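Since the structure comes first, as structure tokens, the remarks are kept for the end.
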């Protein structure tokens with residue numbers, strides 16, 4: 004793979020304040036606990052005027068902490084939470100049910116995914132199946148469930164998926180994750196066609212490298228340095244920078260976009 008010339012690491016720009024792009028919307032975000040893209044998206048939609056956000060995550064303790072933090076800052080009447088493992092249909096249903104007291108889901112942000120590094124020759128079926136079930140099938144389950152609610156309520160809802168440049172870029176040890184994320188991009192495009200007659204939009208953002216504490220914990224400094232050097236700005240994205248793209252796709256500014264996968268990276272191939 005041809006690498007671009009190494010660029011000195013540039014600073015992260017100043018945080019961009021909200022502009023009420025999602026005023027009045029009820030947004031559901033999966034995998035929104037912790038300090039990654041999902042948590043940044045949950046905060047960002049509230050800053051953008053969302054009537055409420057309902058966050059889900061499989062990790063109950065971290066979800067509770069995220070809920071308390073958002074509720075203290077934005078008000079308990081604007082924040083809901085429900086433990087949700089996206090491999091479980093009943094839990095997906097319960098997460099969307101939690102949005103009903105706020106007026107029902109208007110925007111779904113599918114952020115749940117499972118990665119890791121596993122050599123293909125040593126990878127057991129169980130590991131492959133789990134990564135695909137969380138990352139790809141989980142995205143389908145949530146999209147299907149939200150789409151049914153949009154149609155039943157007559158809402159022109161929006162789905163925003165979290166894909167990845169790994170879906171089209173070769174990376175050692177990522178066969179399962181790459182296959183899952185490639186599937187998310189294909190799912191996005193096809194689901195958009197199925198839901199377009201109902202006025203429902205489905206798009207995805209495809210990040211390359213978004214820095215957060217968990218990623219630093221599970222990735223070697225050498226690999227992080229290599230990945231950063233391949234980026235045009237010589238750095239990883241901050242999670243809120245990816246959340247900004249999600250907000251754009253969810254907003255009326257993207258009213259004519261559906262079936263699109265926006266690369267939040269210089270790595271297009």
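Residue numbers (my numbering): 4 to 272. We treat Cβ as the ideally placed atom computed from N, Cα and C, and that holds for glycine. What you are looking at is a predicted structure, and each value in this text was computed from that prediction instead of being measured.
Are the CB atoms of residue i and residue j nearer to each other than 8 Å?
i, j, result
"residue 115", "residue 33", "yes"
"residue 118", "residue 18", "no"
"residue 267", "residue 210", "yes"
"residue 207", "residue 187", "yes"
"residue 145", "residue 95", "yes"
"residue 44", "residue 53", "no"
"residue 156", "residue 170", "no"
"residue 203", "residue 159", "yes"
"residue 69", "residue 42", "yes"
"residue 245", "residue 163", "no"
"residue 110", "residue 161", "yes"
State the Cα-Cα distance for the pair residue i and residue j, rounded to the nearest angstrom.
i, j, result
"residue 40", "residue 93", "24 Å"
"residue 106", "residue 189", "31 Å"
"residue 120", "residue 82", "34 Å"
"residue 132", "residue 122", "15 Å"
"residue 176", "residue 138", "16 Å"
"residue 129", "residue 136", "10 Å"
"residue 254", "residue 11", "34 Å"
"residue 152", "residue 27", "18 Å"
"residue 126", "residue 174", "15 Å"
"residue 259", "residue 249", "15 Å"
"residue 56", "residue 87", "15 Å"
"residue 223", "residue 229", "10 Å"
"residue 20", "residue 124", "47 Å"
"residue 91", "residue 193", "23 Å"
"residue 6", "residue 269", "At residue 6 the pLDDT is 49, less than 50, meaning the model places this residue with poor confidence; the figure from the coordinates comes in the next sentence. So the alpha carbons of these two residues sit roughly 11 Å apart."
"residue 103", "residue 29", "9 Å"
"residue 247", "residue 47", "7 Å"
"residue 2", "residue 166", "No answer is possible for residue 2: the residues shown for the chain start at 4 and end at 272."
"residue 252", "residue 242", "16 Å"
"residue 58", "residue 49", "12 Å"
"residue 178", "residue 140", "16 Å"
"residue 196", "residue 89", "23 Å"
Going by DSSP in three states, residue i sits in which element: helix, strand or coil?
i, result
"residue 137", "helix"
"residue 164", "strand"
"residue 113", "strand"
"residue 260", "coil"
"residue 55", "strand"
"residue 267", "strand"
"residue 30", "strand"
"residue 50", "helix"
"residue 91", "coil"
"residue 253", "helix"
"residue 104", "helix"
"residue 24", "coil"
"residue 172", "coil"
"residue 272", "With a pLDDT of 49 at residue 272, under the threshold of 50, the modelled position of this residue cannot be trusted; read the value that follows with caution. Correct three-state label for residue 272: coil."
"residue 7", "For residue 7, the pLDDT reaches just 49, beneath the cut-off of 50, and the residue's location in the model is therefore unreliable, although a value from the coordinates is still provided. If DSSP states are grouped into helix, strand and coil, residue 7 belongs with coil."
"residue 157", "coil"
"residue 150", "helix"
"residue 142", "helix"
"residue 41", "helix"
"residue 296", "It is not possible to answer for residue 296, since the shown part of the chain is limited to 4 through 272."
"residue 96", "helix"
"residue 128", "helix"
Less than 8 Å between the CB atoms is what I'm expecting for residue i and residue j, so what's the real figure, rounded?
i, j, result
"residue 142", "residue 205", "10 Å between Cβ atoms; not a contact."
"residue 154", "residue 98", "That belief does not hold up - the Cβ atoms of residue 154 and residue 98 are roughly 18 Å apart, past 8 Å."
"residue 134", "residue 61", "Incorrect: roughly 14 Å between the Cβ atoms, too far for contact."
"residue 25", "residue 51", "4 Å"
"residue 37", "residue 65", "6 Å"
Hey, does residue i have any beta-carbon neighbour from chain C nearer than 8 Å?
i, result
"residue 43", "The structure shown contains no chain C; it holds only a single protein chain."
In chain order, each alpha helix (DSSP H) run of at least 4 residues that lies wholly inside the segment 58–88: Inside the segment 58–88, DSSP marks whole alpha helix (DSSP H) runs of 4 or more residues at positions 63–77, from first to last along the chain.
Those runs of the alpha helix (DSSP H) which lie wholly inside the segment 180–245 and span at least 4 residues: The segment 180–245 is shown to contain whole alpha helix (DSSP H) runs of 4 or more residues at 216–221, 224–232, in chain order.
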